[in-house]
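Engineer: Here you go, one structure.
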Amino acid sequence: MELLAQVLAWFGDPAHWQGTDGIPTRVLEHVEASGLSVLVAATLALPLGLAVGHTGRGAFLVGSIANLGRALPSFALLLMLIPIAVNLRLDFSTWPILGAMVLLAIPPMLTNAYAGIRAVDRDLVEAARGMGLSGLQVLLRLELPLATPVIVTGARLAAVQVVATYTLGAVAGGGGLGRYIYDGFATQDTARMVAGATLVALLAIATDVAFGGVARLTAPRGATARRSLAPPAGEPGAA
Amino acid sequence: MAENTLRGRALSATDAGTSPRARRAATVALEHVSKRFGDRADGQLAVDDLDLFVPAGATCVLVGPSGCGKTTTLRMVNRLIEPSGGRILIDGAPIAGRDPTELRRGIGYVIQQVGLFPHQTIAENVEVVPRLLGWPAARRRERVEELLRLVGLDPARHLRRYPAELSGGERQRVGVARALAADPPLLLMDEPFGAVDPIVRARLQEELLRLQRELGKTILFVTHDIDEAIRMGDLVAVMRQGGTLAQFAPPAELLARPASDFVARFVGTDRALKRLTLRRVGELTPASVPLAVAGEPVGAGRARAGSGAPGRLLLVDREGHAVGWLDARGLPDDRPADVAAAQPPTPLLQPETTLRDALSLLLDAAGSPGIVVDGAGRPMGLVTVEAITAALQDVDGDAGPDTRQAPPGGPSDPSARRDAPGAMDGDRGRPAAGTPLPGG
Ligand SMILES: Nc1ncnc2c1ncn2[C@@H]1O[C@H](COP(=O)(O)OP(=O)(O)OP(=O)(O)O)[C@@H](O)[C@H]1O
Ligand SMILES: [Mg+2]
């Protein structure tokens, strides 16, 4: 209970809401870095996943990348990337953690893009081809819209993981909410550590909720229609 | 055979896009077409040296047991599958060199699973090909409404709906509308009515026949149901395991002269009855019927019947509608023909009734001759079981007339045809409803 009071006091201190180590700045750093990682990962993973799903060729590649991604812990990746960054004379407080986050975000987006396209009914694809849609038209007008919910789920998983894991950035001297945890640990300031962890959890939840909204907005209309059919249509008093 | 007047003219997407009514139908020729799927270890052919010629405007049904290569054959025509040997010509031009997507935009395609895009409205689904062909929005919109009406759907109700909000039968109709959207001269239909119940299927079949009378497309139609093949086809190609052609003939010939035991078994032991489904009462010459006007003296009817003094007179009212059978034996000439003493005028047959339905009705009526009535219910003559069996004999002689030709006496109206016996059932023992009885 004493800890809770300390944490609340920490949040209540106006000094913690301003400056380069203030909460708004750290949240912004965290969001920026996570967003950038997810975007970079998406530009790599989505085209590959869509292409493999559409053509059916290279499925093993998707499988291997996904398994590799699951097997390698982000912390190990980060530690591997730091010497590389140092060798390349890159800023080692930024690039290694971004690289690790990109690699973390790729597997869920890649597998979901692939699986989402594959899950589109083959009869639909055949009907579309039989009507004279080109391969690209089949992908863009049929497969992609129908796979969107699965693809968005992949991005949602990736984004939540990245937001939670970017905390590690502080280890290599980067910014973000991980700073509170890392610095709190270094100075034995438990309230600061707990406040940092709480902020990370809240941001992860907010990310999840935001992607839930995206999922609703991008779901194909016909699928919603199917669900709305379930209760007898037009029944008065159903609402 | 109706040789195509447009033969040799290649169909192209631009044609289909700019002058939808310029060509109504295409010819299709398969020459020594074979297909071997590479991954088959036993080296068996899916389609083996198939030769078919479908004249413009004809419906050719591919029928055969499961796995005999029907779908493979169909999909070679729109190049979803490439043949391993032989060639396919549409309107005399080989399709092998054509751009597949452009080729397919000129061919309607309907599959059993329908394959409507679930995320698009009915309107968007129907206009897929017109959109690919670059039709302007106003023209697409107009075409969609026209097509929905053509397949019996109300545009106002269905345009904005999604496929999941339609019944199976409605979805099949939309599938047909979508295939017809750019008015292609050729339709490929792979078990289009396979996924609906028998009643809906019968109605969809009837509607496709009606549509086909209007549109005169060339149709390649796949089914494994021999009854559907006989009903829908101008030509029926019976295929057997291994992708060979067992017989290629009009339905009547297939039934009268199956080329092999396999075909005979495939069409079934009730061949003779099936042949009767191909012919209609209107094609028979009905025997003349002794008429008596209700209320007039019996003698007048006898006199009209002439010599032979028949035992039974068919009573008609003053408008000429059949109202009953009167047993006139022993009745004096001056006795008025009394409707109350008459038996109901059954069985009633329409010119559109198939001989099979007619035979069934006659057997039900224990040998009483059937009264052929015109659309207004006025008797045209009598048909007996013997006349029907005799008709079966002359089917043997020639291939028989085309089933789908409307019989004399009006275009065949399936609902009227089916409803007629039903209406009588509902009124058994009473003259048909709507027939006014003089003084009754
Ligand atoms: N893509 C494919 N790869 C390998 N073999 C195939 C392929 N498609 C079809 N076959 C084989 O070719 C043969 C003919 O198949 P097809 O689908 O044409 O039969 P069908 O007559 O349409 O049968 P059904 O009435 O069951 O639909 C079958 O033995 C089938 O297993
Ligand atoms: Mg098939």
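Chains as they are written, first to last, in our numbering: chain A, 86 to 324; chain B, 921 to 1360. Glycine included, each C-beta is placed from N, C-alpha and C at the ideal position. Owing to the predicted nature of the structure, the values given are computational and were not obtained by experimental measurement.
Spatial neighbours of A90 (chain A) within its chain, please: C-beta separation below 8 Å, excluding the five flanking residues on both sides.
Structural biologist: None.
Engineer: Report back the beta-carbon spacing between L163 (chain A) and L253 (chain A) to the nearest angstrom; my notes put them in contact at under 8 Å.
Structural biologist: About 6 Å; that satisfies the 8 Å criterion.
Engineer: Grouping DSSP H, G and I as helix and E and B as strand, with all else coil, what is R1160 (chain B)?
Structural biologist: Reduced to three states, the DSSP call for R1160 (chain B) is strand.
Engineer: Specify which residues have a beta carbon nearer than 7 Å to any heavy atom of ligand 2, listing them in chain order.
Structural biologist: Listed by chain position, these are B:K990, B:T991, B:D1110, B:E1111 and B:V1142.
Engineer: Compare the Cα-Cα distances from M165 (chain A) to each of A:T272, A:G201, A:A185 and A:A255 and report the closest residue.
Structural biologist: It is A:A185.
Engineer: R111 (chain A) to G141 (chain A), Cα distance in whole Å?
Structural biologist: Near 43 Å, if we compare the C-alpha coordinates of G141 (chain A) and R111 (chain A).
Engineer: How would you call A340 (chain A), buried or exposed, if buried means at least 16 neighbouring beta carbons within 10 angstroms?
Structural biologist: This structure leaves residue 340 (chain A) out entirely; chain A is present only between 86 and 324.
Engineer: Do you know offhand how far R1324 (chain B)'s Cα is from K1137 (chain B)'s?
Structural biologist: The pLDDT assigned to R1324 (chain B) is 41, lower than 50, so where the model puts this residue is not dependable; a value taken from the coordinates is nonetheless given after this. One C-alpha to the other measures close to 14 Å.
Engineer: Ignore the nearest five residues each way along the sequence and tell me which others in T1164 (chain B)'s own chain have a CB closer than 8 Å to its CB.
Structural biologist: Answer for T1164 (chain B): D968, D969 and L970, listed in chain order.
Engineer: Helix, strand or coil for D1247 (chain B)? Go by DSSP, reduced to three states.
Structural biologist: D1247 (chain B) falls in the strand class under three-state DSSP.
Engineer: Can you give the Cα-Cα distance for R174 (chain A) and P192 (chain A), rounded to whole angstroms?
Structural biologist: Distance between the alpha carbons of R174 (chain A) and P192 (chain A) is about 28 Å.
Engineer: Taking C-alpha atoms, which residue in A:V210, A:I202, A:A212 and A:A271 lies nearest to V237 (chain A)?
Structural biologist: Checked all of A:V210, A:I202, A:A212 and A:A271; the closest Cα to V237 (chain A) is A:I202.
Engineer: Of all Cβ atoms in chain B, is any one closer than 9 Å to the Cβ of G215 (chain A)?
Structural biologist: Closer than 9 Å to some Cβ of chain B, the Cβ of G215 (chain A) qualifies, so yes.
Engineer: Between the beta-carbon of V1094 (chain B) and the beta-carbon of N1045 (chain B), is there less than 9 Å?
Structural biologist: Cβ atoms of V1094 (chain B) and N1045 (chain B): closer than 9 Å.
Engineer: So, at 6 Å on beta carbons, what are the nonlocal neighbours of A1149 (chain B) in its own chain, with the 5 sequence-adjacent residues on each side left out?
Structural biologist: Hits under 6 Å: V981, V983, T1143 and V1156.
Engineer: Say whether chain B places a C-beta atom closer than 9 Å to the C-beta of A212 (chain A).
Structural biologist: At least one chain B Cβ lies under 9 Å of A212 (chain A).
Engineer: Does at least one heavy atom of ligand 1 sit under 8 Å from the Cβ of H920 (chain B)?
Structural biologist: The structure shown has nothing for residue 920 (chain B), since chain B only spans 921 to 1360.
Engineer: Looking at C980 (chain B) and ligand 1, is the gap between the Cβ and the nearest heavy atom below 8 Å?
Structural biologist: Incorrect: C980 (chain B) has no Cβ contact closer than 8 Å to ligand 1.
Engineer: Excluding the five sequence neighbours on either side, which residues of its own chain have a C-beta within less than 7 Å of the C-beta of L1052 (chain B), listed in chain order?
Structural biologist: Same-chain partners within the cutoff: R1025.
Engineer: Taking 8 Å as the threshold, find out whether the segment 949 to 958 of chain B comes into contact with the segment 1120 to 1138 of chain B through three or more Cβ pairs.
Structural biologist: No, they do not touch.
Engineer: Confirm the yes/no value for this check: CB of S986 (chain B), any heavy atom of ligand 1, distance under 8 Å.
Structural biologist: Yes; taking the cut-off as 8 Å, the Cβ of S986 (chain B) has a heavy atom of ligand 1 nearer than that.
Engineer: Roughly how many whole angstroms lie between the Cα atoms of R999 (chain B) and T991 (chain B)?
Structural biologist: If I take the Cα positions, the gap works out to 12 Å.
Engineer: From which residue to which residue does the beta strand (DSSP E) around R264 (chain A) run?
Structural biologist: Run containing R264 (chain A): none in the beta strand (DSSP E); it sits in the alpha helix (DSSP H), G263 to A271.
Engineer: For E325 (chain A) and A1242 (chain B), I'd like the C-alpha separation in whole angstroms.
Structural biologist: Absent from the structure is residue 325 (chain A), since the part of chain A shown begins at 86 and ends at 324.
Engineer: May I ask whether a heavy atom of ligand 1 can be found less than 8 Å away from the beta carbon of F957 (chain B)?
Structural biologist: F957 (chain B): yes, Cβ under 8 Å from ligand 1.
Engineer: Rounded to the nearest angstrom, what separates L1073 (chain B) and A1099 (chain B) at their Cα positions?
Structural biologist: Those two C-alpha atoms are separated by around 15 Å.
Engineer: Beta-carbon within less than 7 Å of A1192 (chain B)'s beta-carbon, same chain only, minus the 5 sequence neighbours each way: which residues are those?
Structural biologist: So the list reads L1312, once near-sequence residues are dropped.
Engineer: In terms of residue numbering, what span does the beta strand (DSSP E) encompassing L982 (chain B) cover?
Structural biologist: L982 (chain B) -> beta strand (DSSP E) spans T979 to V983.
Engineer: First and last residue of the beta strand (DSSP E) that includes H952 (chain B)?
Structural biologist: H952 (chain B) -> beta strand (DSSP E) spans V948 to K955.
Engineer: Please list the terminal residues of the continuous beta strand (DSSP E) segment that includes T283 (chain A).
Structural biologist: Where T283 (chain A) is concerned, there is no enclosing beta strand (DSSP E), although the alpha helix (DSSP H) it sits in stretches over T275 to T303.
Engineer: Quick check: does the Cβ of M996 (chain B) come within less than 8 Å of any heavy atom belonging to ligand 4?
Structural biologist: Of the ligands one can find in the structure shown, namely ligand 1 and ligand 2, none is ligand 4.
Engineer: Would you say V967 (chain B) touches ligand 1, meaning its beta carbon is less than 8 Å from a heavy atom?
Structural biologist: V967 (chain B) Cβ: within cutoff of ligand 1.
Engineer: For a test of the three-state rule: what should DSSP assign to D1110 (chain B), helix, strand or coil?
Structural biologist: Correct three-state label for D1110 (chain B): strand.
Engineer: With 7 Å as the limit, tell me which residues of the segment 1079 to 1112 of chain B have their beta carbon closer than that to any beta carbon of chain A; keep them in chain order.
Structural biologist: So the close ones are Y1082, P1083, A1084 and E1085.
Engineer: Checking contacts by CB at 9 Å: is R226 (chain A) closer than that to chain B?
Structural biologist: Taking Cβ atoms only, chain B reaches closer than 9 Å to R226 (chain A), which makes this a yes.
Engineer: So, for G258 (chain A): in the same chain, excluding its five sequence neighbours on each side, which residues have a beta-carbon less than 6 Å away from its beta-carbon?
Structural biologist: If we look at G258 (chain A) and ignore the five residues flanking it on each side, its Cβ neighbours are S178.
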